[in-house]
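Chemist: Those letters in the sequence shown? Residues 10 to 275, per our numbering, in order.
A virtual CB, placed ideally from N, CA and C, is assigned to each residue, including glycine.
First, the structure itself, so that you have it in front of you.
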Amino acid sequence: MSLQLAAAPIATVDGQPINLATIDDAVARVIAAAKQAQDFTLFTLNLDHVVKRRHDADFRSAYRRATFVTADGAPIVRLARRQGARLDRTTGADLVLPVCTAAAQHAIPLHLFGSTEESLAKARSRLQSRFPRLDIRGAESPRQKFDPHSEDAAAAGTRIARSGARICLVALGAPKQEVFADRMMARGYGIGYLCVGAALDFISGEQQRAPRALQASGLEWFWRLAANPRRLAVRYGRCAGVLADLAVLEPLRRRVPVRALNRSGL
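Given below as structure tokens:
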């Protein structure tokens with residue numbers, strides 16, 4: 010990545026630097042990098058990612074090499090602001106439409122990768138209808154048990170590169186999408202990989218995003234939990250434990266001598 014495109018960290022959460030403050034900043038960086046055919050990744054850090062980073066070495070390594078990282082989720086934003094950072098919540102779902110708007114304006118071709126065949130087809134159609142000048146070079150949904158380390162993943166990366174796309178929206182869910190993006194960035198295809206989670210499913214209508222009022226109040230997690238309690242209850246329980254660690258214990262570790270913390274069990 011060229012030096013002029015590098016973004017300095019504005020906050021660090023659980024050892025992970027965040028270097029993009031707003032949606033506008035993220036879009037500007039993405040478009041600037043894509044215009045120069047730069048290799049880059051963009052990840053959106055949330056509490057679930059923090060939990061996974063602690064236990065998944067590949068995921069952690071991908072994050073360490075990430076070109077751009079935003080604050081995704083009210084807890085991450087609050088933790089960053091406690092460090093004096095001035096930033097807004099920026100999720101993958103927040104980024105897709107602004108990036109598509111800018112890509113259409115600047116004639117930057119895109120590729121869609123992830124989700125399901127049905128959802129991806131709907132998302133592509135709706136994006137094309139909304140942005141007639143948007144150049145979507147391809148859309149591919151990998152098989153359900155997709156392995157980002159597999160030969161299938163490498164072949165998919167080659168197909169994306171041959172499409173001529175400069176930006177790839179990767180919608181595989183964490184940690185697969187970040188590990189895939191990191192591996193493809195290392196191949197030097199001159200493509201930027203934006204990891205956008207369920208964003209394409211929101212666009213297709215396969216999933217319903219929380220109402221704007223809940224998003225603005227930091228309660229989007231509650232909407233998701235209510236919609237899928239079995240799948241998310243354990244995940245959010247782990248996130249709550251990590252949040253307590255980062256919000257309460259981590260500041261104590263920075264203020265209190267290590268010996269005192271060891272004696273107290275912190």
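Which word fits N55, buried or exposed, when buried means at least 16 other C-beta atoms lie within 10 angstroms of its C-beta?
Modeler: Answer is buried; the Cβ neighbour count reaches 16.
Chemist: How many angstroms separate the CA atom of R76 from the CA atom of Q25?
Modeler: The question names Arg, but residue 76 in the sequence shown is Thr. For T76 and Q25, the distance between alpha carbons rounds to 12 Å.
Chemist: Among the candidates A170, S134, E126, whose CA atom is the shortest distance from the CA of E149?
Modeler: Comparing Cα-Cα distances from E149 to each of A170, S134, E126, the minimum goes to E126.
Chemist: Under the rule that 16 or more other beta-carbon atoms within 10 Å means buried, what is T167, buried or exposed?
Modeler: So T167 counts as exposed.
Chemist: Per the contact definition of three or more C-beta pairs closer than 8 Å, is the stretch 113-123 in contact with the stretch 48-64?
Modeler: No, the stretch 48-64 does not touch the stretch 113-123.
Chemist: Taking the continuous beta strand (DSSP E) assigned at V205, which residues delimit it?
Modeler: No beta strand (DSSP E) contains V205, which DSSP labels as neither H nor E.
Chemist: Write down the C-beta distance between A102 and A225 rounded to the nearest angstrom, noting that I regard them as a contact closer than 8 Å.
Modeler: Not confirmed; about 14 Å, so no contact.
Chemist: Of the choices A17, E187, T79, H158, whose alpha-carbon is the least far from that of H69?
Modeler: The question names His, yet the displayed sequence has Arg at residue 69. Looking at the Cα atoms, E187 is the closest of the given residues.
Chemist: Tell whether a beta-carbon distance below 8 Å holds between V179 and L203.
Modeler: Cβ distance < 8 Å, so V179 and L203 count as in contact.
Chemist: Would you be able to state if there are at least three C-beta pairs under 8 Å between the stretch 210-225 and the stretch 19-35?
Modeler: Not touching, per the Cβ criterion.
Chemist: What does L234 pair with, by DSSP beta-bridge criteria?
Modeler: Looking at the DSSP assignment, L234 forms no beta bridge with any residue, so it has no partner.
Chemist: Beta-carbon separation of C177 and I200 under 8 Å?
Modeler: Cβ distance < 8 Å, so C177 and I200 count as in contact.
Chemist: Out of S134, F189, S124, R62, state which residue places its alpha-carbon closest to the alpha-carbon of D156.
Modeler: Ranking S134, F189, S124, R62 by Cα distance to D156 puts F189 first.
Chemist: When you compare only the Cα positions, how much space is there between K131 and R152?
Modeler: Their Cα atoms are separated by approximately 18 Å.
Chemist: Taking the alpha-carbon positions, what's the F122 to G147 distance?
Modeler: In a straight line, the C-alpha of F122 is about 8 Å away from that of G147.
Chemist: Give a yes or no on whether the C-beta atoms belonging to A83 and R98 are separated by under 8 Å.
Modeler: Yes, the Cβ-Cβ distance between A83 and R98 is below 8 Å.
Chemist: If you compare alpha carbons, which of A183, L96, I169 is closest to M193?
Modeler: Answer by Cα proximity: I169.
Chemist: Roughly how many whole angstroms lie between the Cα atoms of R74 and R90?
Modeler: Between R74 and R90, the C-alpha separation is close to 23 Å.
Chemist: Rounded to whole angstroms, what is the Cα-Cα separation between I40 and L252?
Modeler: If I take the Cα positions, the gap works out to 33 Å.
Chemist: Taking 8 Å as the threshold (C-beta atoms), are D57 and S124 in contact?
Modeler: For S124 and D57, no; Cβs fall outside 8 Å.
Chemist: In whole angstroms, what is the alpha-carbon distance linking A71 and D191?
Modeler: Looking at the two C-alpha atoms, the distance is approximately 5 Å.
Chemist: For G173, which beta-bridge partners are listed by DSSP?
Modeler: In DSSP, G173 forms no bridge with anything.
Chemist: The alpha helix (DSSP H) with I40 in it runs from where to where?
Modeler: Start and end: 32-44.
Chemist: Evaluate A80 with the Cβ neighbour count: other Cβ atoms within 10 Å of its Cβ, from every protein chain shown; 16 or more gives buried, anything less gives exposed.
Modeler: That one is buried.
Chemist: In the DSSP assignment, what are the bridge partners of Q25?
Modeler: Answer is V22, bridged to Q25.
Chemist: So, under 8 Å CB-CB, T22 and L96 are touching, yes? Tell me the CB distance rounded to an integer number of Å.
Modeler: The residue asked about is misnamed: residue 22 is Val in this sequence, not Thr. So it is not a contact: roughly 11 Å between Cβ atoms.
Chemist: Measure the C-alpha to C-alpha separation of D254 and V78 and round it to an integer number of angstroms.
Modeler: Each residue's alpha carbon lies about 21 Å from the other.
Chemist: Is S128 near E215, with beta carbons less than 8 Å apart?
Modeler: In this structure, E215 lies closer than 8 Å to S128 by Cβ.
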